[in-house]
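Contents: one structure, followed by commentary.
2 protein chains.
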Amino acid sequence: MIGIKRLAEHLNISIGTVSRALNGRPDVNDETRRRVLEAAAELGYVANQSGRNLRQGNTNAVGFMIESGADTAGNSDNFFLGVIDGVQHVLARHDLDLLVLPCPGDENPSQYLQRMVSRRAVDAMIISATHRVDARIDLLTKARLPFIALGRSTSGGNVYPWIDLDFEGVANRAIDRLVAKGHRRIAVGLPSNDINLGFIFLDGIKGALKRHKIRFDPSLIIRAASTEQGGYQITHEVLAMKDPPTALVLVYELMAIGAYRRLGEAGMTPGKDFAVIGFRESPLAKFLQPALTCFRMSLRDLGIGLGESLLAVMPPYADTYPQGLVNKIWPMELVPGESDAFTRKG
Amino acid sequence: MIGIKRLAEHLNISIGTVSRALNGRPDVNDETRRRVLEAAAELGYVANQSGRNLRQGNTNAVGFMIESGADTAGNSDNFFLGVIDGVQHVLARHDLDLLVLPCPGDENPSQYLQRMVSRRAVDAMIISATHRVDARIDLLTKARLPFIALGRSTSGGNVYPWIDLDFEGVANRAIDRLVAKGHRRIAVGLPSNDINLGFIFLDGIKGALKRHKIRFDPSLIIRAASTEQGGYQITHEVLAMKDPPTALVLVYELMAIGAYRRLGEAGMTPGKDFAVIGFRESPLAKFLQPALTCFRMSLRDLGIGLGESLLAVMPPYADTYPQGLVNKIWPMELVPGESDAFTRKG
DNA sequence: CGGTGCCCCGAAAACGTTTACGAGTCAACT
DNA sequence: AGTTGACTCGTAAACGTTTTCGGGGCACCG
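If you read the sequences in order, they're chains H and G.
Using this note's numbering, the letters of the first sequence map in sequence onto residues 1 to 346.
Using this note's numbering, the letters of the second sequence map in sequence onto residues 1 to 346.
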């Protein structure tokens, strides 16, 4: 309620001096600064963000765009909450606030982003769930707004700042593991939309198969919604094949839950009659019986990485953060379970 | 990049007229308005939010505070994403944007909220996961910021605007169902923190037991984290009792997953040797085997209700929304499953 | 005693927008 | 013809802050 004006006249000081005192400028007497800070705390003064934004043209806030259409998430626990926690941990060091901008399910993501960007409500953006071609990347580069993407894309000539999970590594280790156990026909469950991780993951699979000199069979690639339902459906299709595979690799842990369910209905046990490897370890995946073989990472650390990489491309902070963080493949650690214990006799 | 000034001189018109034309004021010629809108679209003009905020003292945005410390969520799917979708649907009708404000796990929620409020970054707030005594409610009323809470609280004299789930109804129907099947010793799993829904749910349980003339046994009330792990632990304690109950009611669906797991380890089957009733139906709960008896609601509708009730207490919109929505118990629909099919011989 | 430099502060402009006020035009009515 | 009113628009103030500029002290040095 109280502004810098009232604070100034309460102290019999000009507003300029008050502003300088509050912002830690050097050219103000120590005693004066002490009085100002004391009075500010006493009267509960806090700077009006709009006035500050208008004057200095920035907002001290960064946006994190997510999509509130829940289906696209595909994560069993609150993936974003974990990541956000890490991002905030970094931003807090510089008094930057994080605003989550949820794109409504019925709105075009690029248009929504455009609106948010042109409103100048944030100094930088984090976008996630990048698609194979993603207009948001061109939009942000054109607007010259610092940003970082969680996920690669073919847009922007792949020269924009991003961090992405190690889908190739996961695909390779999953295939290696299955091949070592004698599997040759391995199905892969991918998301049905054009989110880029599906393509990257598939490339990783193809590379691994070629390395093992196994012919790639496109009919073993099955796409479905990145949900339990999707995993159920994928498994259903797999089991109905004339020449069914003996193993299944899934790119979302939610899919694994559906897969377990469908296998159970068929009287099969994961890791006994059929091998399943999931993607990300999550509290829920941990409760699958038998334990799901999957891959682990720290959501919070990922958030910290995102935050630091973002700061590295924001002019006011760029010098304190190494530029090397701007592009990064985020490693994931294998968590061996029982779901792929099945050794194919062959 | 382009401001109203440039737009005005490009049209040889005063900036006042441009502003009036853009804001739909009546005192501007139709032809002039057409030209302004056309030029604005062509040059990609969009109002600087900071300038507008500063002038008219509001932000055309409402905040939704959540806690990014993931543990408190207790929901298996992305609960908030569903609710947010509904809220946005309502707000969009009035050109209001929604900002999600995630309180960092290591920061005091009230202090965080205080910061956000005094920055005047939002015109109104939605808070969730209210605690039994919740300083945020007093804070918001004192700041005279319109708000609505998802959840009741004893703070604020219970005269603040809220919407809350029908925990009493759920508790009563759960107990009714179990008693009708002959159960007399019924355990209840509650969250271990002081989130208010735990207390309300417990009151509902007590009332229902009294109605059935069953003595309330405090040792059957078990508190744990609102996670799968918590449900596992609760079930573990229940099974270890000297005089174990025959049924368990849980206030989070995530707990049910842990309960199933622990029962399985004990060689027991839900709905056969032991009755389990969960709380909210979710995509994941649907995949439990046997089907979990739980309660259903539409997250999106809840969000719509929240949004409308919020608008009802925001001065600029209060007239278009009925005041009756301001306090509301949100109904939930019973979804019968097999997890409580077990009829106790008694 | 004049010049120089430093420390601290006040005055005022500027950010982009909205809006109160008044003025100009023109038609219509008395 | 004078008055009224409707319609349209330009002028300028205001929102709260930051920041540039310059000036008044004061000490120090020549």
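Quick reminder that beta carbons are idealized off the backbone N, C-alpha and C, glycines included.
For this session: May I ask you to list the residues that DSSP assigns as paired with G:D164?
Result: G:I329
Problem set entry | Beta-carbon proximity list for H:A70, same chain, < 7 Å, skipping 5 on both sides | Residue confidence is low: H:A70 scores 49 on pLDDT, short of 50, so the model does not pin down where it sits. Its coordinate-derived value is still stated next. Within the same chain, H:A70 has no close Cβ partners at all.
Exercise. Rounded C-beta distance between G:L81 and G:A40? I'm assuming under 8 Å.
Worked result: That belief does not hold up - the Cβ atoms of G:L81 and G:A40 are roughly 33 Å apart, past 8 Å.
For this session: Please confirm if G:G105 has its CB atom under 8 Å from at least one CB of chain H.
Result: yes
Exercise. Helix or strand or just coil, what does DSSP make of G:L190?
Worked result: strand
Exercise. Using 8 Å as the limit for Cβ to Cβ distance, is G:A70 near chain H?
Worked result: Bear in mind that a pLDDT of 49 at G:A70, under 50, signals an unreliable position, so the number given afterwards is only what the model happens to contain. By this cut-off, G:A70 is an interface position.
For this session: For G:V36, I'd like the list of residues in its chain whose CB is within less than 6 Å of its CB, leaving aside the five on either flank, ordered along the chain.
Result: The beta carbon of G:V36 lies closer than 6 Å to those of V18 and A21 in the same chain, with the five residues before and after it left out.
Problem set entry | 9 Å Cβ cut-off: residues of chain H touching G:I234 | The premise fails here: G:I234 is roughly 14 Å from chain H at the closest Cβ pair, so nothing lies under 9 Å.
For this session: Classify H:G63 as helix, strand or coil using the three-state DSSP reduction.
Result: strand
Exercise. In its own chain, which residues sit with a C-beta less than 8 Å from the C-beta of G:H89, not counting the 5 before and 5 after it?
Worked result: Contacts found: R300, G303, I304 and G307.
Problem set entry | Closer than 7 Å: G:R144 CB and nearest the ligand NAD heavy atom | Ligands are entirely absent from the displayed structure, and the ligand NAD is therefore not among its contents.
Exercise. Under the three-state reduction of DSSP, which class applies to G:A47: helix, strand or coil?
Worked result: coil
Problem set entry | Short-range partners of chain G found in the segment 151-177 of chain H, where Cβ spacing is below 8 Å | Identification of residues in the segment 151-177 of chain H having a C-beta nearer than 8 Å to some C-beta of chain G yields an empty set.
For this session: With a cut-off of 8 Å on the beta carbons, I'd call H:A259 and H:I234 a contact; round off their distance for me.
Result: Confirmed, Cβ separation roughly 7 Å.
Exercise. Which chain G residues are close to H:F287, counting only those with a beta carbon under 7 Å from its beta carbon?
Worked result: E228, I257, G258 and R261
Problem set entry | First and last residue of the uninterrupted alpha helix (DSSP H) at G:I137 | Start and end: A135 to K142.
Problem set entry | Own chain residues within Cβ distance below 6 Å of G:A187, not counting five before or after | L220, V238, P245 and L248
Exercise. Hey, how far is the Cα of G:L254 from the Cα of H:A312?
Worked result: 39 Å
Exercise. Should the segment 105-121 of chain G be called in touch with the segment 285-295 of chain G, which here means at least 3 C-beta pairs below 8 Å?
Worked result: no
Exercise. With contact counted as at least three CB pairs below 8 Å, one residue from each stretch, are the segment 169-180 of chain H and the segment 205-212 of chain H in contact?
Worked result: With the cut-off at 8 Å, the segment 169-180 of chain H and the segment 205-212 of chain H touch.
Exercise. Quick one: is G:D273 buried, meaning 16 or more other Cβ sit within 10 Å of its Cβ, or exposed?
Worked result: exposed
For this session: Mind listing, in chain order, the continuous alpha helix (DSSP H) runs of no fewer than 4 residues lying wholly within the segment 246-314 of chain G?
Result: 253-265 and 299-312
For this session: Measure from the C-beta of H:L101 to each C-beta in chain G and report whether the shortest distance is under 8 Å.
Result: yes
Exercise. Where G:W162 and H:L263 are concerned, what is the direct C-alpha to C-alpha distance, given to the nearest angstrom?
Worked result: Near 44 Å, if we compare the C-alpha coordinates of H:L263 and G:W162.
Exercise. To which residues of the same chain is G:E107 closer than 7 Å at the C-beta, ignoring the five residues directly before and after it?
Worked result: none
Problem set entry | Assigned exposure category for G:R261 - 16 Cβ within 10 Å defines buried | buried
Exercise. Among the residues of its own chain, which have a CB less than 6 Å from the CB of G:F216, if the five just before and after it don't count?
Worked result: K206 and L209
Exercise. Any Cβ of chain H within less than 8 Å of the Cβ of G:I84?
Worked result: yes
For this session: Using beta-carbon positions only, say whether G:D166 and G:P331 come within less than 8 Å of one another.
Result: yes
Exercise. So, does the CB of H:V46 fall closer than 8 Å to a CB anywhere in chain G?
Worked result: yes
Problem set entry | Contact residues within the segment 296-327 of chain H, judged by C-beta distance below 7 Å to chain G | none
Exercise. What does a CB cutoff of less than 8 Å around H:E333 pick up in its chain, not counting 5 residues either side in sequence?
Worked result: F295, R296 and M297
Exercise. Which bits of chain G does H:G51 rub up against, with CB to CB less than 7 Å?
Worked result: L54
Problem set entry | Chain-order list of residues whose beta-carbon lies under 6 Å from that of G:A224 (same chain, five-residue window excluded) | Once the five neighbours on either side are set aside, the close Cβ partners of G:A224 are S192, G230, Q233 and I234.
Exercise. In terms of residues, what are the limits of the beta strand (DSSP E) holding H:L101?
Worked result: D97 to C103
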